[in-house]
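J.:
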Amino acid sequence: MPEMNAESLSIPLTQGMLLAGVLFAFGLIGLLVRRNLIFMLMSVEIMLNAAGLAFIVAGAHWGQADGQVMFLFILTLAAAEVSVGLALVLQLYRHFQTLDADAMSRLWG
Amino acid sequence: MTGAFYLASLVAAVSTGLVITSLNAVHALLYLIVSFLAVAVVFFILGAPFIAMLEIIIYAGAIMVLFVFVVMMLNLGRRAIEQEAGWLTPKIWIGPSILSATLLGELLYLFGSGILSQAGGITVQAPKQVSVVLLGPYLVGVELASMLLLPGLVGAYHVGRQLKSEDA
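Protein sequences appear in the order of chains F and V. Taking the working numbering, I'd label the letters of the first sequence as residues 183 to 291. Taking the working numbering, I'd label the letters of the second sequence as residues 796 to 963.
(1) So, is the C-beta of V/Tyr826 closer than 7 Å to a C-beta in chain F?
(2) Helix, strand or coil for F/Asn231, going by three-state DSSP, please let me know.
(3) Cβ closer than 9 Å: which chain V residues qualify as neighbours of F/Ile220?
(4) So, for F/Leu329: in the same chain, excluding its five sequence neighbours on each side, which residues have a beta-carbon less than 8 Å away from its beta-carbon?
(5) Are any of the Cβ atoms in chain F nearer than 7 Å to that of V/Tyr904?
(6) Is there a Cβ from chain F that is less than 7 Å from the Cβ of V/Ser908?
(7) Have a look at the DSSP bridge pairing and note the partners of F/Asp248.
(8) So, at 6 Å on beta carbons, what are the nonlocal neighbours of F/Glu185 in its own chain, with the 5 sequence-adjacent residues on each side left out?
(9) Does the Cβ of V/Gly907 have 16 or more other Cβ atoms within 10 Å, making it buried, or fewer, making it exposed?
(10) Mind checking if F/Ala240 is an interface residue toward chain V, Cβ cutoff 7 Å exclusive?
(11) Using beta-carbon positions only, say whether F/Phe278 and V/Gly936 come within less than 7 Å of one another.
(12) Can you list, in chain order, the residues of its chain whose CB lies under 7 Å from that of V/Leu832, leaving out five sequence neighbours each side?
(13) So, does the CB of V/Leu943 fall closer than 7 Å to a CB anywhere in chain F?
(14) If you compare alpha carbons, which of V/Ile858, V/Thr918 and V/Ser941 is closest to V/Ile840?
(15) Would you mind giving the Cβ-Cβ distance between V/Val829 and V/Ser810, rounded to the nearest angstrom? I have them listed as a contact below 8 Å.
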């Protein structure tokens, strides 16, 4: 435990995790409540960001760089996910002329 | 330091709540950018300046530009031009501006008050430490990330292309 002195002064683990949990809950609520595909993708971004925040908080608490490395991987994942997701949204809009997720409830469009 | 953390957390929670409750996609994007900026300030306070920078450059920069691009692309046509002009009226900017100004004031306070240079104020994990770990034990993860990004690029190009039969 190298940062024993600094740890007592820094942000407590609970508060950081609470923030991450609140942001994740907002993202989950948005994903479940909103029916617009753009909003649903935004909510997924919020949730991924909250997960990354949890890693950073834990990494800061233990004084290790691993949390930041995990955030980099989450960042990569989010970038790949959003590019493919937005391409799918474009195709769905061209096909259905709407962004309503409920209009796309059938497999054989 | 703890007060700064709480203020940034409050801004992040408020702006994220406004993202999922706003009806207009462009307004939601504005608040989402503020939310990412607030989380970046939280990262900075937690001693991760490198990640705070990446959060602003990639999340608030690149990913949000993609969203704005698609939102604008889905509304082509003459009618949409007036519609888009109505989206960004001056009073829309008030909410995001207040929240961003709060963050800016907080950051200026942190830099100005000299808390950052005090011993034990922030335990910084420097980019050097991060990269030593990233390219050491997590080297396989870097390779996997590259294997994820290439199919992501090819997939986005393939899925997003305009089909000939659907030209309209």
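Backbone N, C-alpha and C fix where the C-beta goes; we use that ideal spot for every residue, glycine too.
T.: To lay it out plainly:
(1) Position 31 of the second sequence, counted from the first residue, corresponds to residue 826 of chain V. Not one chain F Cβ lies under 7 Å of V/Tyr826.
(2) Position 49 of the first sequence, counted from the first residue, corresponds to residue 231 of chain F. Reduced to three states, the DSSP call for F/Asn231 is helix.
(3) Walking along the first sequence from the start, residue 220 of chain F turns up at place 38. Counting only Cβ-Cβ distances below 9 Å, F/Ile220 has contacts in chain V at Ala820, Ala823, Leu824, Phe862, Val865, Val866 and Leu869, in chain order.
(4) Any question about residue 329 of chain F goes unanswered here, given that chain F covers just 183 to 291.
(5) Start at 1 with the first residue of the second sequence, and residue 904 of chain V comes out as number 109. Not closer than 7 Å to any Cβ of chain F, the Cβ of V/Tyr904 fails to qualify, so no.
(6) Within the second sequence, the letter at position 113 stands for residue 908 of chain V. False, the Cβ-Cβ gap to chain F never drops below 7 Å.
(7) To locate residue 248 of chain F, count along the first sequence from 1; it is residue 66. For F/Asp248, DSSP assigns no beta-bridge partner whatsoever.
(8) Numbered from 1 along the first sequence, position 3 holds the residue referred to as residue 185 of chain F. In this predicted model, F/Glu185 has a pLDDT of only 44, less than 50, meaning its place in the structure is not dependable; the value taken from the coordinates is given anyway. Closer than 6 Å at the Cβ level, and outside the excluded window around F/Glu185, lie Gly245.
(9) As a first step, residue 907 of chain V is located in the second sequence; it is residue number 112 there, counting from the start. That one is exposed.
(10) Position 58 of the first sequence, counted from the start, is the residue given in the question as residue 240 of chain F. Against chain V, the CB of F/Ala240 has no partner CB under 7 Å away; the residue lies outside that interface.
(11) Translated into positions along the first sequence, residue 278 of chain F becomes position 96. Translated into positions along the second sequence, residue 936 of chain V becomes position 141. In this structure, F/Phe278 keeps its C-beta atom at 7 Å or more from the C-beta atom of V/Gly936.
(12) Your numbering for residue 832 of chain V matches position 37 in the second sequence. The answer, listed in chain order, is Ile851, Ala855, Ser895 and Leu898.
(13) The sequence position of residue 943 of chain V within the second sequence is 148, counting from 1. Yes, contact with chain F.
(14) Position 45 of the second sequence, counted from the first residue, corresponds to residue 840 of chain V. Each of V/Ile858, V/Thr918 and V/Ser941 was checked against the Cα of V/Ile840, and the nearest Cα belongs to V/Thr918.
(15) In the second sequence, the residue the question calls residue 829 of chain V occupies position 34. In the second sequence, the residue the question calls residue 810 of chain V occupies position 15. Your pair V/Val829 and V/Ser810 checks out as a contact, with CB atoms roughly 4 Å apart and the cut at 8 Å.
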